[in-house]
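Just so you know, the sequence shown maps onto residues 2 to 188 in this note's numbering.
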Amino acid sequence: LMAGLACVRGSDRSRALVLVTDGHQTLGDIDLTRLEDEVMAAHDGRTPIFTFSVGQSTEDPLLHHLADRTWGHFEHVRGYGDLGYRLTRFLEKLDLPLLTDARLKIPGRTNRVYPGTLTDTFVGSRLLALGRYRGSVKGTLKVNGEVQGEAVAQQQSVAWPSEAHGESHVARLWARARVDHLLERIH
């Protein structure tokens, strides 16, 4: 990973760094926080890191975090049955992000929206933000960003009730995003 970052440093060409791994440590115990800090210190601030892990990876949080912090993409495949298809879809994301510099404007009183900073969106990916709001909300949800350097804006009228009924999966998704956020803060 460090050698790859050194290779792209100073290049004016469009580039990305791809890491394909089984996610298991082979050099004994490694301090993952220190490793992440070293990678980010060596990162040029422009090169997205794409991480692809196969199998029962124990280091997925690190790989996911590196991809998110560098505007790359993380993909994990547990089994080998659909490996060819998933790897092909993953490599398609290297071509070009569909939406960059995404910004979200949510109506109403919201808090604890995750992720705090939206990442680039690639072919076959979704833009997902989870948050909490108080009371009922009626207004316009806005997403702004760039597609191939051109500014774009999308908006959608929303009407959310003061209490959600039958949407327990959304609460679980938000809770998972909250736990991930808290784990990153103590990481």
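All C-beta atoms, glycine included, are put in the ideal place defined by N, C-alpha and C. It should be emphasised that the depicted structure is a prediction, and the values quoted were computed from it without experimental measurement.
Discussion item. Residues in the same chain with beta-carbon distance under 7 Å from Glu37, minus the five sequence neighbours each way, listed in chain order, please.
Written reply: Cβ neighbours of Glu37 beyond the five flanking positions: Leu63, His66, Leu67.
Discussion item. So, with DSSP's three-state summary, where would you put Leu128?
Written reply: In the structure shown, Leu128 adopts coil according to DSSP, grouped into three states.
Item to complete: Pick out whichever of Val180, Leu6, Val78, His74 has its Cα sitting closest to the Cα of Ser126.
Response: In this structure, His74 is the residue among Val180, Leu6, Val78, His74 with its C-alpha nearest to the C-alpha of Ser126.
Worksheet item: By the 10 Å Cβ neighbour count, where 16 or more other Cβ atoms means buried, how is Leu119 classified, buried or exposed?
Response: With 16 or more Cβ atoms within 10 Å of its Cβ, Leu119 is classed as buried.
Worksheet entry | Close beta carbons around Phe53, own chain, < 6 Å, minus the five adjacent residues each side | Closer than 6 Å at the Cβ level, and outside the excluded window around Phe53, lie Val21, Glu76, Phe91.
Discussion item. Just checking: is the beta-carbon of Cys8 within a distance shorter than 9 Å of some beta-carbon in chain B?
Written reply: In the structure shown, chain B does not exist; there is a single protein chain.
Practice prompt. Please work out which residues of its chain come closer than 6 Å, Cβ to Cβ, to Asp23, disregarding the five sequence neighbours upstream and downstream, and give them in chain order.
Written response: Cβ within range, chain order: Val55, Gly56.
Worksheet item: DSSP on Ser12, reduced to helix/strand/coil?
Response: Ser12 carries a coil assignment under DSSP once its states are collapsed to helix, strand and coil.
Discussion item. Considering only the alpha carbon of each residue, which of Arg133, Lys143, Glu151 lies closest to Gln101?
Written reply: According to the sequence shown, residue 101 is Thr rather than Gln. Out of Arg133, Lys143, Glu151, Glu151 has the C-alpha closest to the C-alpha of Thr101.
Item to complete: Say whether the stretch 106–114 touches the stretch 78–89, bearing in mind that this needs 3 or more beta-carbon pairs closer than 8 Å, one atom from each stretch.
Response: The stretch 106–114, when compared against the stretch 78–89, does not touch it at the 8 Å Cβ threshold.
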